[in-house]
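Colleague: Below is a structure I'd like to ask you about.
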Amino acid sequence: MKILIVEDEQKTRAYLRKGFEEAGFTVDAVERGEDAFQVIADSHHDLIILDVMLPGLDGWAIVSGMRAGGDETPVLMLTARDQVQDRVRGLELGADDYLVKPFAFSELLARVRTVLRRGPARQPDILKIADLEINIARMRASRAGRRLDLTPREFALLSLFGRRTGEVLSRTFIAEHVWDMNFDSESNVVDVHIRRLRAKLDDPFDVKLIHTVRGMGYVLEESR
Amino acid sequence: MRMPRSILGRLTIWYACSAFVLILISTIALYRALVNNLDREDQEFTADIVDIVRGHLRDRPLDTRGLQQTIDREWSGRRYAQIFVRVLDPRGHLIAETAGMPATLSSTVFPTPVGTDQSPGPGIELALAEGGRFIAISALAGVGGTDRESGVIQVALGQAHEEALLAEYRRRLWWVLSLALLVCSIVGYGIAKRGVRPLAAITETAGHIRSSTLDRRIHTADLPTEIAWLAETFNAMLAGLEDSFARLSRFSADIAHELRTPVNNLRGEAEVALRQVRTTDEYRSIVESLLEESVRLSRMIDSLLFVARAESPETQISREALDIARELHLVREFYDALAVDAGIVLTVEAADDLVANLDRTLWQRAIGNLIENAVDHTPPGGHATVKASRDGDTLCVQVSDTGCGIPPEHVAHVFDRFHRVEPSRSTRSGRLGLGLALVKSIVALHGGSVEIASEADRGTQVTLRLPLNQPAARPYEESVVRQDDGPVISV
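As they're listed, the protein sequences go chains U and P.
Counting along the first sequence from 1, when you hit position 217 you're at 217 in the numbering used here, and nothing is skipped either side.
Take the position in the second sequence, starting the count at 1, then add 224; the result is the number in the numbering used here.
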């Protein structure tokens, strides 16, 4: 997967490039809007990460220019402006997603993967991580052959982790996808839910599957 | 003519015009009265002459010489009036005539004589081609001794003198009118200037107001009523501005202050970390700590921006119809774990048919913040309850707890940004002191109000009132804070 990063802020560009390369992407990065047009025309990218506030040609102009020219490459816009009007404008001009600074890198990565997955990709009905087996269709989970007694929300939480194995999920992301709570809570309520899930999933076993990533959230994977 | 743009100019023109028109009308009326009077006098004068000549002819019908003498003595050679009299016998022969009567005043230019018994007049005006205007009358009178045939008396009164008089009068009137126009303009300007002087005073005050002198006000006591309204409106605007400015500057100070701690942590931790070589695990731990602090910072920025934006009237919210009972149970499900962990019973009571048009994210955030607060401040074994009910056109949501309550001196300030009842404790628990400020902003964005009632060691009760079925956002509204049995305090 090859992505293009258009970002004028040098530090942001550097850490985005590093983060995406370490996540297995091939990364092109440009600083100026005018250069971006050239690079977009010259070579194929699977996705473009576009900062809105660029010197010269801004992000709005680039995305509308691309769409006008029939280029349907997915575009994810980054901006420090989070007025609803801006958001709407970005999506109307043809951006596929919109992320407000400051954002968590894990969030950006998750969104990029979501945009790239959009389309015919099908989720398997049964997920397997180490000795954990999650049967999405039947809403059952078992570990080492022993069925886990989970509430519906706990199952929803576990399958969210299962579908995104290896991805660090932020607390906000978890609250949004499991409880449909769309705000960033100041409390540790998500941690409490995770602790309850761990009590059933990890506590009886030697190998722990859910790991805490300080400052970022939680990840489900075999070892870390 | 285009009216000038200044009120002073307009008023001056109106005052001057109306005063001048009044003067003009009365002057014209007086002039016409004068002309009429002179006319009537002339008529009467000529009629008198006819009467005198008639008298002479009656008393001494044969004394033609005496008649000529009377005519010469009485009416010829007067300086201020030219009078010409002619008496003819029935056959048109001259009996007597004023000496020097102009040939142009021939007997044929006079009007048809009135009868012997009729009083003469009114005369006709004669304008002779050779110059000179006259009032002319003629009348029949008995002449001769015995057979008393009808002769004709012709009298003409020259108008030259009178015309000169009127011309002189008119000339003076033009002077008077010109002067009046000048005086009216000056006086009008004076009056207008006096009238708009308070406006100038307001302008002066307004001109001197800077962001640093917003406490200035216009004194309304001496102002005329209409201008006083303007001044009061202006003062109210100033008060609003002053309040906003004060809030803004306090807000900036608060932000700077609150940002210091996390920024200081970031900087200090990074500096210390770099002072010597450490193990990977140590570095990892430090980076994680830095990340935590950054997350805290960005969350604070988000909340601050939100609260600041909520005060802007342009801020829009996206309302959707929410099933309140369903939403509250969802929130309860989310927070129940937290409550159970803290040893608190969290209950939700809501009627099934409650539907309100609210911004879902904001609504969740408000209720979430209130529940977090309730759980935070309630000791194990306590209760936290969320009740929703309809009160007319209002959705009433009450979040109550059996917690420690809020000290009375803090109740009025709990909705302020960064207000913490116990600063040190709140900081340690990672809370920003923005929770209730956010709630207040959210409620205001929905056009509702929020009340808080608290009693120490008995618990706190926060009541949100949100208008049901309101389609559009309302500007920022006042919230009300109430202490149990205490006075209602506006925040």
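Beta carbons are placed, not taken as given, at the ideal position from N, Cα and C, and that holds for glycine.
(1) Measuring straight from C-alpha to C-alpha, what distance separates Arg641/P and Phe475/P?
(2) In chain P, which residues lie with their C-beta within 7 Å of the C-beta of Ile183/U?
(3) Give the interface partners of Glu493/P over in chain U, defined as CB-CB distance under 8 Å, in chain order.
(4) Around the Cβ of Leu258/P, are there at least 16 other Cβ atoms within 10 angstroms (buried) or fewer (exposed)?
(5) List in chain order: all unbroken beta strand (DSSP E) runs of 3+ residues lying wholly within the stretch 564 to 588 of chain P.
(6) According to DSSP, is Pro422/P helix, strand or coil?
(7) Have a look at Asp615/P, Tyr304/P, Arg302/P, Thr322/P and flag the residue whose alpha-carbon is nearest the alpha-carbon of Arg310/P.
(8) Any contact of the stretch 126 to 136 of chain U with the stretch 202 to 212 of chain U, i.e. 3+ C-beta pairs under 8 Å?
(9) Express the C-alpha separation of Ala424/P and Phe458/P in angstroms, rounding to a whole number.
(10) Compare the C-alpha of Ile541/P against each of Glu517/P, Leu515/P, Leu586/P and name the closest.
(11) How many angstroms separate the CA atom of Glu392/P from the CA atom of Tyr255/P?
(12) Hey, could you find the ends of the beta strand (DSSP E) Val190/U is sitting in?
(13) Any heavy atom of the ligand ZN closer than 6 Å to the Cβ of Thr602/P?
(14) So, is the C-beta of Ser43/U closer than 7 Å to a C-beta in chain P?
(15) Helix, strand or coil for Thr151/U? Go by DSSP, reduced to three states.
(16) So, does the CB of Val189/U fall closer than 7 Å to a CB anywhere in chain P?
(17) For Asp709/P, count neighbouring C-beta atoms within 10 Å of its own C-beta (all shown protein chains included) and say buried if the count is 16 or more, exposed if not.
(18) Determine which residues of the stretch 500 to 534 of chain P have a Cβ less than 9 Å from any Cβ of chain U, and write them out in chain order.
(19) Using three-state DSSP, classify Asp313/P as helix, strand or coil.
(20) Who are the neighbours of Phe458/P on chain U, taking C-beta pairs under 7 Å?
(21) How is the beta strand (DSSP E) around Gly382/P delimited, first residue to last?
(22) Once the 5 residues before and after Ser362/P are set aside, which same chain residues still bring their CB inside 7 Å of it?
(23) So which residues on chain P does Gly215/U lean against when the C-beta distance must stay under 7 Å?
(24) Would a check of beta-carbon distances place Val219/U closer than 7 Å to chain P?
(25) Do you know whose CA, among Asp576/P, Ser409/P, Ser624/P, lies nearest Gly732/P's CA?
(26) Specify the secondary structure class of Glu31/U as computed by DSSP and reduced to three states.
(27) Would you please state the rounded distance, in angstroms, between the beta carbons of Thr716/P and Leu397/P? I believe it to be under 8 Å.
(28) What is the rounded straight-line gap between the Cα of Ile3/U and the Cα of Asp42/U?
(29) Measuring straight from C-alpha to C-alpha, what distance separates Thr622/P and Arg584/P?
(30) Who are the near neighbours of Ala563/P in its chain, counting only those whose CB is closer than 6 Å to its CB and skipping five residues on each side?
(31) Since Gln267/P is in the alpha helix (DSSP H), which residue starts that stretch and which ends it?
(32) Would you report the Cα separation of Glu702/P and Lys417/P, rounded to the nearest angstrom?
(33) Going by DSSP, what residue range makes up the alpha helix (DSSP H) through Ser522/P?
(34) Taking 8 Å as the limit between beta carbons, can you name the residues of its chain near Arg230/U, skipping five residues before and five after?
(35) Please report the Cβ distance between Val667/P and Ala590/P, rounded to the nearest whole angstrom; I am assuming they are in contact, meaning their Cβ atoms lie under 8 Å.
(36) Using DSSP's beta-bridge definition, name the partner residues of Val407/P.
Modeller: In short:
(1) Residue 641/P sits at position 417 when you count from the first residue of the second sequence. Residue 475/P sits at position 251 when you count from the first residue of the second sequence. As the crow flies, the alpha-carbon of Arg641/P is around 8 Å from that of Phe475/P.
(2) Translated into the one-based positions of the first sequence, residue 183/U becomes position 183. Checking the sequence, you will find Phe at residue 183/U rather than Ile. Result: Thr585, Gln588, Arg589, Gly592.
(3) Within the second sequence, numbered from 1, the residue matching residue 493/P stands at position 269. Within chain U, no residue comes near Glu493/P; the closest Cβ sits about 12 Å away, beyond 8 Å.
(4) Against the second sequence, residue 258/P aligns to sequence position 34. Around the Cβ of Leu258/P, a 10 Å sphere holds fewer than 16 other Cβ atoms; the residue is exposed.
(5) DSSP runs (the beta strand (DSSP E)) wholly in the stretch 564 to 588 of chain P: 569 to 574, 579 to 582.
(6) As a working mapping, residue 422/P is identified with position 198 in the second sequence. In this structure, Pro422/P counts as helix in the three-state DSSP scheme.
(7) Here residue 310/P refers to the residue found at position 86 when the second sequence is read from its first residue. Ranked by Cα distance from Arg310/P, the options Asp615/P, Tyr304/P, Arg302/P, Thr322/P are led by Thr322/P.
(8) The stretch 126 to 136 of chain U, when compared against the stretch 202 to 212 of chain U, does touch it at the 8 Å Cβ threshold.
(9) Residue numbering aside, residue 458/P sits at position 234 when the second sequence is read from its first letter. Residue numbering aside, residue 424/P sits at position 200 when the second sequence is read from its first letter. If I take the Cα positions, the gap works out to 14 Å.
(10) What you label residue 541/P is simply residue 317 of the second sequence in a count that begins at 1. Closest option to Ile541/P, Cα to Cα, is Leu586/P.
(11) As a first step, residue 392/P must be located in the second sequence, where it is residue number 168. As a first step, residue 255/P must be located in the second sequence, where it is residue number 31. Glu392/P and Tyr255/P: Cα-Cα distance of roughly 12 Å.
(12) The residue labelled residue 190/U in the question sits at position 190 within the first sequence. No beta strand (DSSP E) holds Val190/U; the alpha helix (DSSP H) holding it covers 189 to 201.
(13) Here there are no bound small molecules, and the ligand ZN is not part of this structure.
(14) As a position in the first sequence, residue 43/U is number 43, starting the count at 1. Output row for Ser43/U: interface = no.
(15) Indexing the first sequence from 1 puts residue 151/U at position 151. Coil, per DSSP.
(16) Counted from its first residue, the first sequence places residue 189/U at position 189. Val189/U belongs to the set of residues whose beta carbon lies under 7 Å from a beta carbon in chain P.
(17) Numbered from 1 along the second sequence, position 485 holds the residue referred to as residue 709/P. Note that Asp709/P scores a pLDDT of 40, beneath 50, so its modelled location is shaky; the value from the coordinates is reported in the next line. Taking a 10 Å sphere around the C-beta of Asp709/P, we find fewer than 16 other C-beta atoms and assign the residue as exposed.
(18) Listed by position along the chain: Arg508, Ser509, Val511, Glu512, Ser513, Leu514, Leu515, Glu516, Glu517, Ser518, Val519, Leu521, Ser522, Arg523, Ile525, Asp526, Ser527, Leu529, Arg533.
(19) Here residue 313/P is taken as the residue at index 89 of the second sequence, counted from 1. In this structure, Asp313/P counts as coil in the three-state DSSP scheme.
(20) Indexing the second sequence from 1 puts residue 458/P at position 234. Near Phe458/P there are no residues of chain U at all, since even the closest Cβ is about 32 Å away, more than 7 Å.
(21) Taking the first residue of the second sequence as position 1, residue 382/P is located at position 158. From DSSP, the beta strand (DSSP E) with Gly382/P extends over 373 to 382.
(22) Residue 362/P sits at position 138 when you count from the first residue of the second sequence. Non-local C-beta neighbours of Ser362/P in its own chain, meaning closer than 7 Å and more than five positions away in sequence, comprise Phe334, Pro335, Pro337, Val376, Ile377, Gln378, ordered along the chain.
(23) Counting from 1 along the first sequence, the entry for residue 215/U is found at position 215. Ordered by position in chain P, the residues that pass the 7 Å Cβ test against Gly215/U are Glu512, Leu515, Glu516, Val519.
(24) Within the first sequence, the letter at position 219 stands for residue 219/U. Closer than 7 Å: no.
(25) Lying before the first or after the last residue shown, residue 732/P is absent from chain P, which here runs from 225 to 715.
(26) Indexing the first sequence from 1 puts residue 31/U at position 31. It is coil, neither helix nor strand.
(27) A query on residue 716/P cannot be resolved here, the shown segment of chain P reaching from 225 to 715 and no further.
(28) What you label residue 3/U is simply residue 3 of the first sequence in a count that begins at 1. What you label residue 42/U is simply residue 42 of the first sequence in a count that begins at 1. Approximately 13 Å between the Cα atoms of the pair.
(29) Residue 622/P sits at position 398 when you count from the first residue of the second sequence. Residue 584/P sits at position 360 when you count from the first residue of the second sequence. Residue 622/P is actually Gln in this sequence, not Thr. Taking the straight line from one Cα to the other gives about 18 Å.
(30) For this step, residue 563/P is matched to residue 339 along the second sequence. Only Leu570, Val599 meet the Cβ criterion.
(31) What you label residue 267/P is simply residue 43 of the second sequence in a count that begins at 1. It spans 231 to 283 - the alpha helix (DSSP H) in which Gln267/P sits, taken as one unbroken run.
(32) Counted from its first residue, the second sequence places residue 702/P at position 478. Counted from its first residue, the second sequence places residue 417/P at position 193. No answer about Glu702/P holds up, because its pLDDT of 41 lies below 50 and its placement is not dependable.
(33) In the second sequence, residue 522/P corresponds to position 298, counting from 1. In the DSSP annotation of this structure, the continuous segment of the alpha helix (DSSP H) that includes Ser522/P starts and ends at 504 to 534.
(34) The shown model of chain U, from 1 to 224, leaves out residue 230/U, and the question about it has no answer.
(35) For the purposes of this step, residue 667/P is identified with residue 443 of the second sequence, where counting begins at 1. For the purposes of this step, residue 590/P is identified with residue 366 of the second sequence, where counting begins at 1. About 7 Å; that satisfies the 8 Å criterion.
(36) Locating residue 407/P in the second sequence gives position 183, where the first residue counts as 1. None; Val407/P has no bridge partner.
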